[in-house]
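Protein chains: 2
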Amino acid sequence: MRADRLDESEAGVGRVTLQTVADKVGVSRMTVSNAFSRPDQLSAALRDKVLKAADDLGYTGPDPAARALARGSTGSIGVLLSNSPADAFTDEIAATFFSSIAATLSPQGIALTLLSSEPSGDVMPARDVAMDGVIVYNCDPQTGAREQVERRQLPLVLVDQPNAKGFSSVNVEDRAGARAAAQHLVDLGHTRIALIVKAGDPPFGIVPAAMAQGQGYASIERLAGWTDVLTAAGIEPVVLLLPLDSRDGGRGALDEILAAQPGTTAILAFSDAIAAGVLLDAQDSGIAVPDQLSIVGFDDNPLATRLRPQLTTVRQDVTEKGRLAASMLIDAMQDRRAGRTTKRRAVTLPTELVVRGSTGAPAHS
Amino acid sequence: MRADRLDESEAGVGRVTLQTVADKVGVSRMTVSNAFSRPDQLSAALRDKVLKAADDLGYTGPDPAARALARGSTGSIGVLLSNSPADAFTDEIAATFFSSIAATLSPQGIALTLLSSEPSGDVMPARDVAMDGVIVYNCDPQTGAREQVERRQLPLVLVDQPNAKGFSSVNVEDRAGARAAAQHLVDLGHTRIALIVKAGDPPFGIVPAAMAQGQGYASIERLAGWTDVLTAAGIEPVVLLLPLDSRDGGRGALDEILAAQPGTTAILAFSDAIAAGVLLDAQDSGIAVPDQLSIVGFDDNPLATRLRPQLTTVRQDVTEKGRLAASMLIDAMQDRRAGRTTKRRAVTLPTELVVRGSTGAPAHS
DNA sequence: TTGTACGCGTTATCAT
DNA sequence: ATGATAACGCGTACAA
Numbered sequence: 096m097r098a099d100r101l102d103e104s105e106a107g108v109g110r111v112t113l114q115t116v117a118d119k120v121g122v123s124r125m126t127v128s129n130a131f132s133r134p135d136q137l138s139a140a141l142r143d144k145v146l147k148a149a150d151d152l153g154y155t156g157p158d159p160a161a162r163a164l165a166r167g168s169t170g171s172i173g174v175l176l177s178n179s180p181a182d183a184f185t186d187e188i189a190a191t192f193f194s195s196i197a198a199t200l201s202p203q204g205i206a207l208t209l210l211s212s213e214p215s216g217d218v219m220p221a222r223d224v225a226m227d228g229v230i231v232y233n234c235d236p237q238t239g240a241r242e243q244v245e246r247r248q249l250p251l252v253l254v255d256q257p258n259a260k261g262f263s264s265v266n267v268e269d270r271a272g273a274r275a276a277a278q279h280l281v282d283l284g285h286t287r288i289a290l291i292v293k294a295g296d297p298p299f300g301i302v303p304a305a306m307a308q309g310q311g312y313a314s315i316e317r318l319a320g321w322t323d324v325l326t327a328a329g330i331e332p333v334v335l336l337l338p339l340d341s342r343d344g345g346r347g348a349l350d351e352i353l354a355a356q357p358g359t360t361a362i363l364a365f366s367d368a369i370a371a372g373v374l375l376d377a378q379d380s381g382i383a384v385p386d387q388l389s390i391v392g393f394d395d396n397p398l399a400t401r402l403r404p405q406l407t408t409v410r411q412d413v414t415e416k417g418r419l420a421a422s423m424l425i426d427a428m429q430d431r432r433a434g435r436t437t438k439r440r441a442v443t444l445p446t447e448l449v450v451r452g453s454t455g456a457p458a459h460s
Numbered sequence: 096m097r098a099d100r101l102d103e104s105e106a107g108v109g110r111v112t113l114q115t116v117a118d119k120v121g122v123s124r125m126t127v128s129n130a131f132s133r134p135d136q137l138s139a140a141l142r143d144k145v146l147k148a149a150d151d152l153g154y155t156g157p158d159p160a161a162r163a164l165a166r167g168s169t170g171s172i173g174v175l176l177s178n179s180p181a182d183a184f185t186d187e188i189a190a191t192f193f194s195s196i197a198a199t200l201s202p203q204g205i206a207l208t209l210l211s212s213e214p215s216g217d218v219m220p221a222r223d224v225a226m227d228g229v230i231v232y233n234c235d236p237q238t239g240a241r242e243q244v245e246r247r248q249l250p251l252v253l254v255d256q257p258n259a260k261g262f263s264s265v266n267v268e269d270r271a272g273a274r275a276a277a278q279h280l281v282d283l284g285h286t287r288i289a290l291i292v293k294a295g296d297p298p299f300g301i302v303p304a305a306m307a308q309g310q311g312y313a314s315i316e317r318l319a320g321w322t323d324v325l326t327a328a329g330i331e332p333v334v335l336l337l338p339l340d341s342r343d344g345g346r347g348a349l350d351e352i353l354a355a356q357p358g359t360t361a362i363l364a365f366s367d368a369i370a371a372g373v374l375l376d377a378q379d380s381g382i383a384v385p386d387q388l389s390i391v392g393f394d395d396n397p398l399a400t401r402l403r404p405q406l407t408t409v410r411q412d413v414t415e416k417g418r419l420a421a422s423m424l425i426d427a428m429q430d431r432r433a434g435r436t437t438k439r440r441a442v443t444l445p446t447e448l449v450v451r452g453s454t455g456a457p458a459h460s
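Take a look at the structure:
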């Protein structure tokens, strides 16, 4: 009746497995497996009988872990996040990105696993969680986590990541977008400009432009784009570094900036979420936007049009970014299963300056 | 050298496994396993030697799927979501909830898997994804998904779910909060009141109060709370049903309501996100808030204080909700591993009416 | 440290 | 076409 294990039906009331069901029906384990996973391999009558017996025994279907081992696939893909997954949802832009990934995976029956980059204790999700592929999103390349995933040789798509090694990737023209934003301010006649980006490590607050270093590829690129233009225009901006995990979206930043550079007439913010905080602070302080202060955000967050005045910003299509990343990964996974080798794809999505009400010429120009 | 499988070191360049490493070093597979998973079981010198050999061979560590099967645990927990996971991130409240769960799991090295309730093709994440426990969040009890998870006998915590069966759960005093909100309006003297909730299925738009049925437990409870008070006050509200997946947060709702009940002086919205849309529409139409129209939201979304006027709303602590759900699940998982039986816990978190600037007495009262 | 016996299913081959 | 047999997949627990 069985070749390589004890007959559970005689071993008392252990766990219910395929074998338990098989014994009850009087067929081989294989037949029960087929009843669940390959219905076309047996007669409908027998299948019903098997399923009924399974139901009677309280058998829920093949154990996912065992199936994953036997099949070599788990039915879920991972998203490797910058240090804390808790920060991943902080703004609507990130949420939209995940939403788009989920929407692309869902019809394929693939689940989405969120992976922290940080090892805790002796476990490191990037190394220890079973999955069929990984989207590496905006996380510190220094971290061991990214290296771990690479070594596992899983299908990989890099998003918002510098990419030296030839992995497939989805990026955004952050630098060009940032240039356009800075140029817009320069064209309007601004000369006293401040920049706001997020940083992972101290020091936070106002730092010399030279030593400003954003956290994450997007920060670095946007900062680079801004300074490309400002330097060319002979403008030395003030730079404010905000902690990565700040939740208040730029509230308080304006005070620091005005203290460091009185008479600042324009601000380039890393995100619309930050820009919104600045705008609110300005309004609460009686500083008119855009008459006394121009503000440019980034992302074209839905928030940008809910504010009054609406934010001038740089649009990126995060929905497309998520869709592309997910579908590229799905393709790579299918290729691997079929034994094909996947050709690398590196997509860079465009950005676009959207001029709205939060920018204008400086007061005294 | 090996008991039950071919010696891979002689079988060509197959996959690198524990055995491959063991053969290379000349120790047993078990020793290599210990080198990775139980460092205290062998000498430091031997361990280094093993790890070095593994590195040379490009061995990344024990295969997660195999380990999950052997150990009986996967290192990740699932969150079962209402139909589409894509809708899960639509507002900041949901995002904060997930963020809080992630923050609680992360230090334990546990990953978070998002599960769609909808089966696609022949796969059904709730049945087919390996995990150690599940948080069932705000999803339709009718769905097969929830039943599937229950049958798998995984540790379970229900959040924002009606709970007949005695599972552990985390809920919020939605009904009491809604009562407070409605009472606030009644006390201010409003009599022409409209309600906005989300519904899963058509018909959408204005429906008779009697046949209004929200989608999801929270909708049902809030609706019940509102009507408790309004009915007692002899007020028959107008009810507007919004599609569950509407992304525009209540934009357009105001027109429909005013068409159905001209002279409406107050609106109770299911969420702050919806309330925000109504507020913006009002302002764009030149309707003064709160002088001509009072608006009450729900959740105390950070958004509520970014608006002008700030929203009167009903606060719930979603961070605590997430933290509790995650830690209750972790406890249950530990109990199970230890063979203990977990005592059920059913927590109901309080709500609190927060009166801000978006409500006031009706114009002609 | 190591042998042994699984965990629970699937893929591939074989017999009728 | 149906079903059975055998051989893994890759580790881990436990006793020796």
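Just so you know, the sequences run in chain order A and B.
Per my numbering, the first sequence starts with residue 96, numbered consecutively.
Per my numbering, the second sequence starts with residue 96, numbered consecutively.
Don't be surprised by glycine CBs; every beta carbon is placed ideally from N, CA and C.
Under 7 Å (Cβ pairs) to chain B, residues found in the segment 400 to 415 of chain A
Listed by position, the residues of the segment 400 to 415 of chain A near chain B (Cβ gap below 7 Å) are ARG401.
CA-CA distance, ALA294(B) and ASN396(B)?
Cα to Cα, ALA294(B) sits roughly 21 Å from ASN396(B).
Where does the unbroken alpha helix (DSSP H) through ARG274(A) begin, and where does it stop?
Start and end: 269 to 283.
Just the C-alpha distance for PRO303(A) and THR400(A), rounded to the nearest angstrom, thanks.
If I take the Cα positions, the gap works out to 32 Å.
Using beta-carbon positions only, say whether VAL292(A) and GLY170(B) come within less than 8 Å of one another.
No. Outside cutoff.
Per DSSP, the bridge partner or partners of GLY300(A)
For GLY300(A), which the question treats as bridged, DSSP gives the partners LEU336(A).
Would you check if the distance between the CB atom of SER366(A) and the CB atom of PRO404(A) is smaller than 8 Å?
It is not a contact, given that the beta carbons lie outside the stated cut-off.
Beta-carbon proximity check, GLY132(A) vs PRO157(A), cutoff 8 Å
Checking the sequence, you will find Ser at residue 132(A) rather than Gly. Cβ distance < 8 Å, so SER132(A) and PRO157(A) count as in contact.
Can you list, in chain order, the stretches of the alpha helix (DSSP H) that have 4 or more residues and sit fully within the segment 148 to 202 of chain A?
List check, alpha helix (DSSP H) in window: 159 to 166 and 187 to 200.
Inter-residue spacing [alpha-carbon to alpha-carbon] between ILE425(B) and GLY167(B)
Looking at the two C-alpha atoms, the distance is approximately 15 Å.
Tell me the DSSP bridge mates of GLU447(A)?
In DSSP, GLU447(A) forms a bridge with ARG410(A).
Shortest alpha-carbon distance to ARG435(B) belongs to which of ASP182(B), LYS416(B), ASP150(B) and PRO250(B)?
Closest by alpha carbon: PRO250(B).
For THR208(A), which three-state DSSP category applies?
In the structure shown, THR208(A) falls within a strand segment according to DSSP collapsed to helix, strand and coil.
Output, in sequence order along the chain, the residues in the segment 203 to 225 of chain A whose CB is closer than 9 Å to any CB in chain B.
For chain B, the residues of the segment 203 to 225 of chain A that bring a beta carbon within less than 9 Å of one of its beta carbons are GLN203, GLY204, ILE205, ALA206, LEU207, THR208, LEU209, LEU210, SER211, GLU213, PRO214, SER215, GLY216, ASP217, VAL218, MET219, PRO220, ARG222, ASP223, VAL224 and ALA225, in chain order.
Under 9 Å by beta carbon: chain A residues contacting ALA371(B):
Contact note: ALA371(B) reaches chain A through ARG401, using a C-beta cutoff of 9 Å and chain order.
Below 8 Å between beta carbons is the criterion; list the residues of the segment 423 to 437 of chain B that meet it against any residue of chain A, in chain order.
Considering only beta carbons, no part of the segment 423 to 437 of chain B lies closer than 8 Å to chain A.
Interface positions of the segment 223 to 248 of chain A facing chain B (Cβ-Cβ less than 9 Å), listed along the chain
The residues in question are ASP223, VAL224, ALA225, MET226, GLN243, ARG246, ARG247 and GLN248.
Mapping DSSP to helix, strand and coil, what is ALA427(B)?
Reduced to three states, the DSSP call for ALA427(B) is helix.
Using the Cα positions of SER215(B) and GLN308(A), report the straight-line distance between them to the nearest angstrom.
In a straight line, the C-alpha of SER215(B) is about 45 Å away from that of GLN308(A).
Is there a Cβ from chain B that is less than 8 Å from the Cβ of THR169(A)?
Proximity of THR169(A) to chain B, defined by a Cβ-Cβ separation below 8 Å, is satisfied.
Close Cβ partners of ALA456(A) (< 7 Å) along its chain, the five nearest in sequence each way excluded
LEU283 and GLY284.
Measure the C-alpha to C-alpha separation of ARG97(B) and GLY261(A) and round it to an integer number of angstroms.
Its pLDDT being 37, under 50, ARG97(B) is placed unreliably in this model, and the value from its coordinates should be taken loosely. Per the coordinates, the alpha-carbon of ARG97(B) lies some 39 Å from the alpha-carbon of GLY261(A).
Among the residues of its own chain, which have a CB less than 7 Å from the CB of GLU105(A), if the five just before and after it don't count?
A caution first: GLU105(A) carries a pLDDT of 41, below 50, which makes its placement in the model too unreliable to give a value.
Can you tell which of ALA221(B), GLN256(B) and ALA225(B) has the C-alpha that lies nearest to the C-alpha of GLU245(B)?
If we check each option's Cα against that of GLU245(B), ALA221(B) comes out closest.
Is it buried or exposed, PRO180(A), if we count other Cβ atoms within 10 angstroms and call 16 or more buried?
Buried, because 16 or more other Cβ atoms sit within 10 Å of the Cβ of PRO180(A).
Leaving out the 5 sequence neighbours to the left and right, which residues in its chain are closer than 8 Å to PRO202(A) when beta-carbon positions are compared?
The beta carbon of PRO202(A) lies closer than 8 Å to none in the same chain, with the five residues before and after it left out.
Ends of the beta strand (DSSP E) at ILE291(B)?
Segment 288 to 294, the beta strand (DSSP E) holding ILE291(B).
Rounding to the nearest angstrom, what Cα-Cα distance links GLY329(A) and VAL281(A) in this structure?
Between the C-alpha atoms of GLY329(A) and VAL281(A) there is a straight-line separation of about 10 Å.
Residues of chain A with a CB under 8 Å from the CB of SER128(B): which are they?
Simply none; closest approach about 14 Å.
Using a cut-off of 7 Å between C-beta atoms, extract the partners of PRO159(B) located in chain A.
Per Cβ cutoff of 7 Å: ASP223, VAL224 and ALA225.
N- and C-terminal bounds of the beta strand (DSSP E) containing ALA368(B)
From DSSP, ALA368(B) is part of no beta strand (DSSP E) but of the alpha helix (DSSP H) over 367 to 379.
Nearest-angstrom Cα separation, counted from MET125(B) out to ASP99(B)
Note on ASP99(B): pLDDT 43, under 50, position unreliable in the model; no value is reported.
When we look at the beta-carbon of MET306(B) and count the other beta-carbons within 10 Å, is it buried (16 or more) or exposed?
Here MET306(B) is exposed, its C-beta having fewer than 16 other C-beta atoms within 10 Å.
Could you check where the alpha helix (DSSP H) with SER341(A) kicks off and where it finishes?
Premise fails: SER341(A) is in no alpha helix (DSSP H) and is neither H nor E.
Rounded C-beta distance between ARG344(A) and ALA273(A)? I'm assuming under 8 Å.
The sequence shown places Gly at residue 344(A), rather than the Arg named in the question. The pair is not a contact, with the Cβ atoms about 19 Å apart (cut-off 8 Å).
Suppose contacts are defined by Cβ-Cβ distances below 8 Å. Is THR208(A) in contact with LEU207(B) by that definition?
Yes, these two residues count as a Cβ contact at 8 Å.
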